[in-house]
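Enquirer: According to the working numbering, the sequence shown is numbered sequentially starting from 845.
Even glycine gets a Cβ: it sits at the ideal position worked out from N, Cα and C.
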Amino acid sequence: MNRTDRLYAMVEELRAVAPRARTAPWLAERFEVSIRTIERDLLALQEAGVPIWSTRGRNGGYAIDPAATLPPVNLSPAEATAIAVALTTAPASPLDEAGRTALTKIVNAMSDTGRQGARDLAARIHLVDAPVGATDLLRALGRAIADNRVVEIDYVDRHGVGTDRRTIEPENFLRMQGRWYVNAWCRRRHASRTFLADRIQRVEVLDETSPERPGPGALGGADLVANQLVIE
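1) How far does the alpha helix (DSSP H) with Ala984 in it reach, from first residue to last?
2) Where Glu1056 and Arg959 are concerned, what is the direct C-alpha to C-alpha distance, given to the nearest angstrom?
3) Would Ile1075 be called buried (16 or more neighbouring beta carbons within 10 Å of its own) or exposed?
4) In the DSSP assignment, find the unbroken alpha helix (DSSP H) run with Ala892 in it and report its ends.
5) Could you tell me which residues DSSP pairs with Met854 in its beta bridges?
6) Using CA coordinates, which residue listed in Arg944, Arg983, Thr1007 and Asp909 is at the minimum distance from Gln890?
7) Could you check the C-alpha separation between Thr867 and Asp964 for me, to the nearest Å?
8) Pull up the CB-CB distance for Leu919 and Met954, whole angstroms please, since I reckon it's below 8 Å.
9) Could you have a look at Ala936 and say whether DSSP puts it in helix, strand or coil?
10) Could you compute how far the alpha carbon of Leu982 sits from the alpha carbon of Arg900?
11) Between which two residues does the beta strand (DSSP E) carrying Gly905 extend?
12) DSSP beta-bridge partners for Val1047?
13) If contacts are defined as beta-carbon pairs under 8 Å, then Glu1052 and Lys949 qualify, I think. What distance do you get, rounded to the angstrom?
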């Protein structure tokens, strides 16, 4: 687990038990890092504005403001399980990590009875052929689109010709015929282009913010987008 994922997971862990606290040694064992690393992570979260504070005493540790947690969610066990199954069986998505954290928030906000009922029902559903998760490259592109960032990619086009350090401004994703595509403004072509995710060899998310440009995202409807793609 990288540091960014660990920070998100730590916040969700503290939200799940709020207003109770977790000690640094407990968190270190949970996330398989040193206590010093946990303390640095908690300090970084506090500096970022997350309402975490430390408490002393027998039941002391680190706690998060209960106001930062979700109110009770009145989902039935079947509804919660349906959401979990839908996220698990969906094609590998660039936002699969966000889906998992969202599901964790939903489950943690359920009542104890509802949460246990969802677990009991989930235990009776066996996914033999569940798809594998998204690749790290696809997740990086998903974060770039969410944060409106410019990226550099190494790419092999449909003719088998590879280009390195190709700068694009990713705008949106399109799933078509079982494959993921990325619509983007290509600075090499000075035009909108569509890149097949399977052909992307490397992704580097830059600090630069993507400017607004007309492109596939400005078109109306998935069918119109698909009909006007220029696939590299």
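Expert: Answer, in terms of the structure:
1) Asp980 to Asp991
2) 43 Å
3) exposed
4) Taken as a continuous stretch (DSSP letters only), Ala892 belongs to no alpha helix (DSSP H), as it is neither H nor E.
5) DSSP lists no partner for Met854.
6) Asp909
7) 30 Å
8) Contact between Leu919 and Met954 holds: CB atoms are separated by about 6 Å, below the 8 Å threshold.
9) coil
10) 43 Å
11) Gly905 to Ile908
12) Ile997
13) So it is not a contact: roughly 31 Å between Cβ atoms.
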